[in-house]
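A.B. asks:
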């Protein structure tokens, strides 16, 4: 069961693609798209990441941050980022702490779930299952946020 809209987003800290420590508090006052995905460089995850990549300039123009999260390590994220020229950070949730806090665990991977977190740290949208198309996910979120 994913976290419901209106819930305070659980705090987190993790290393990103480049080894930088990233925390939820770094995004206070901004909208954050926090998307969880099962595995780097797999077909559905690649389509999803590329949909964010292809619309990333629109996210930036609207001052919306994008973070991808999987249980893969930094080295895997670096390869995935380089291979597909991803312009946003991927968080290495190797111990599963973020995945667990956001209730998206599925064995040793994350379920494909996206949370939009508003400027005051509350979950404003949840995408999963039928309302998440990996090929159009980035533009779909932009359309929903306006």
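Numbering (this note's numbering), first residue to last: 7 to 152. Positions of the beta carbon are idealized from the N, C-alpha and C atoms, including for glycine. Keep in mind it's a predicted model, so treat the numbers as computed, not measured.
If you drop the 5 nearest sequence neighbours on each side, which residues of the same chain put their C-beta closer than 7 Å to that of residue 8?
C.D. replies: Cβ within range, chain order: 109, 110, 119, 132, 134.
A.B. asks: Rounded to the nearest angstrom, how far is the Cβ of residue 76 from that of residue 116, given a contact under 8 Å?
C.D. replies: Between residue 116 and residue 76 the Cβ distance is about 6 Å, and since that is below 8 Å, they are a contact.
A.B. asks: Could you compute how far the alpha carbon of residue 148 sits from the alpha carbon of residue 101?
C.D. replies: Answer to the nearest angstrom: the Cα atoms are 31 Å apart.
A.B. asks: Does DSSP put residue 21 in a helix, in a strand, or in coil?
C.D. replies: In the structure shown, residue 21 sits in a strand (DSSP, three-state: E or B).
A.B. asks: Would you identify the three-state DSSP class for residue 141, choosing helix, strand or coil?
C.D. replies: Looking at residue 141 - three-state DSSP - the assignment turns out to be coil, as it is neither helix nor strand.
A.B. asks: Looking at residue 92 and residue 55, is the spacing between their C-beta atoms short of 7 Å?
C.D. replies: Yes; because the gap between Cβ atoms is below 7 Å, this pair is in contact.
A.B. asks: Does residue 76 come out as helix, strand or coil in the three-state DSSP assignment?
C.D. replies: Residue 76 falls in the strand class under three-state DSSP.
A.B. asks: Residue 11: buried (16+ other C-beta within 10 angstroms of its C-beta) or exposed?
C.D. replies: It is exposed - the Cβ of residue 11 has fewer than 16 other Cβ atoms within 10 Å.
A.B. asks: Over the uninterrupted beta strand (DSSP E) stretch that includes residue 108, give me the two end residues.
C.D. replies: Segment: none, residue 108 is in no beta strand (DSSP E) and carries neither H nor E.
A.B. asks: Have a look at residue 88 and residue 43 and give me their C-alpha separation to the nearest angstrom.
C.D. replies: Their Cα atoms are separated by approximately 18 Å.
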